[in-house]
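Numbering (this note's numbering), first residue to last: -17 to 146. Have a look at the structure below, then the notes.
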């Protein structure tokens, strides 16, 4: 969060500090707006898109595949996690984490798991996502990131997570 500074941002956008303050009362307002946008685009919109899929197992597949692809293209989740202790970030990150785990647990319940097991599997799926995101963004090849290798990897994760 320390990288979010008004002057460099205004310079990068080829605008003035005054223009920045026309849109945002202060730096904190910018961070809050960015976090709100992140929550909407990276959680609620993803869930809405995945919900179009009728089969819960296919929803999990879509989520896992999307997460791997997104981790290669988008560093926002990692940046938000890196700022987890920031007083503006912490409550939003906690809310998003809870929403994501709750959604995953819901999908596991739809697959027939009892609520406690569904919650455990949702948490496990989410922590696997966080780990694979870190590996991909670190440039490590432990997680296959495209093609048949990625499909086999996603199939294996699904097999482990959905095996009674």
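Note that the Cβ used here is the ideal one computed from N, Cα and C, for glycine as well. None of the values given here were measured: they were computed from a predicted structure.
What is the DSSP secondary structure of residue i, counted as helix, strand or coil?
i, result
"residue 90", "helix"
"residue 60", "helix"
"residue 33", "coil"
"residue 96", "coil"
"residue 6", "coil"
"residue 144", "helix"
"residue 136", "helix"
Could you tell me whether the Cβ atoms of residue i and residue j are closer together than 8 Å?
i, j, result
"residue 16", "residue 114", "no"
"residue 43", "residue 136", "yes"
"residue 21", "residue 74", "yes"
"residue 139", "residue 46", "yes"
"residue 29", "residue 85", "yes"
"residue 83", "residue 105", "yes"
"residue 60", "residue 116", "yes"
State the Cα-Cα distance for the pair residue i and residue j, rounded to the nearest angstrom.
i, j, result
"residue 103", "residue 111", "12 Å"
"residue 81", "residue 87", "10 Å"
"residue 126", "residue 120", "13 Å"
Hey, residue i and residue j are a contact pair by Cβ (cut 8 Å); roughly how many whole angstroms apart?
i, j, result
"residue 70", "residue 10", "6 Å"
"residue 78", "residue 41", "Not quite, the Cβ-Cβ distance comes to about 18 Å (not below 8 Å), so this is no contact."
Restricting to Cα atoms, I'd like to know which of the options is closest to residue i.
i, options, result
"residue 146", "99, -6, 19", "99"
"residue 129", "-11, 3, 51", "51"
"residue 54", "123, 90, 97", "123"
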